[in-house]
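Numbering (full-length UniProt numbering), first residue to last: 1 to 177.
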């Protein structure tokens, strides 16, 4: 469930929720967002003379249908989605030619044990919060890339770091705080 102040992703672009509710003349629930990149916006929260929310720039906001809003996932879910989904087939079809993915099963098996990974790359995976408290530590991971995610508080970064005791490199570019 999305709430005011949440960091979200809409179409792969980061934003902050500023309004949730009805918009005159449009059915359904709408979410007013202030984009991380104000150039994506269309207005400042005023639509047809009605102020729904405020933005810090003149055109940094948009109203989007709630069904288009991705509220993000916790770190463990993002890692599982990225690495633990097993590859069911060893054949990949490109156009009309079949391509055999040699060794894909063993690679998939190695990656599926997420707690054995040494390098975890979660670029643009909509990570919005640390893993659940019950999560086991990632004792072998030395590199964690969280480039362009939805994390917004340093306390969440500190909470994430406690699950990575051997970490040597942390990538936080495009971190909005």
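Where a beta carbon is used, it is the ideal one built from N, C-alpha and C, also for glycine.
Residue i and residue j: beta carbons closer than 7 angstroms?
| i | j | result |
| --- | --- | --- |
| residue 150 | residue 126 | yes |
| residue 217 | residue 32 | Because the chain in this structure spans residues 1 to 177, residue 217 falls outside the shown range and cannot be described. |
| residue 38 | residue 57 | yes |
| residue 163 | residue 114 | no |
| residue 135 | residue 117 | no |
| residue 45 | residue 53 | yes |
| residue 17 | residue 10 | no |
| residue 71 | residue 29 | no |
| residue 167 | residue 144 | yes |
| residue 62 | residue 42 | yes |
Mapping the DSSP letters down to three states, classify residue i as helix, strand or coil.
| i | result |
| --- | --- |
| residue 37 | coil |
| residue 170 | strand |
| residue 74 | strand |
| residue 15 | strand |
| residue 9 | strand |
Any chance the CB of residue i is under 6 angstroms from a heavy atom of the ligand HEM?
| i | result |
| --- | --- |
| residue 58 | As presented, the structure is devoid of all ligands, the ligand HEM included, so that no description of it is given. |
In terms of DSSP beta bridges, what is residue i paired with?
| i | result |
| --- | --- |
| residue 66 | For residue 66, which the question treats as bridged, DSSP gives no partner whatsoever. |
| residue 120 | 144 |
| residue 20 | 31 |
| residue 51 | 46 |
Here's the rule: buried if 16 or more other CB atoms are within 10 angstroms of the residue's CB, otherwise exposed. What is residue i?
| i | result |
| --- | --- |
| residue 178 | This structure leaves residue 178 out entirely; the chain is present only between 1 and 177. |
| residue 169 | exposed |
| residue 22 | exposed |
| residue 146 | buried |
| residue 15 | buried |
| residue 4 | exposed |
Starting from residue i, follow the beta strand (DSSP E) in both directions and report where the run begins and ends.
| i | result |
| --- | --- |
| residue 176 | Premise fails: residue 176 is in no beta strand (DSSP E) and is neither H nor E. |
| residue 127 | 127-129 |
Return the first residue and the last residue of the alpha helix (DSSP H) that residue i is part of.
| i | result |
| --- | --- |
| residue 155 | 154-161 |
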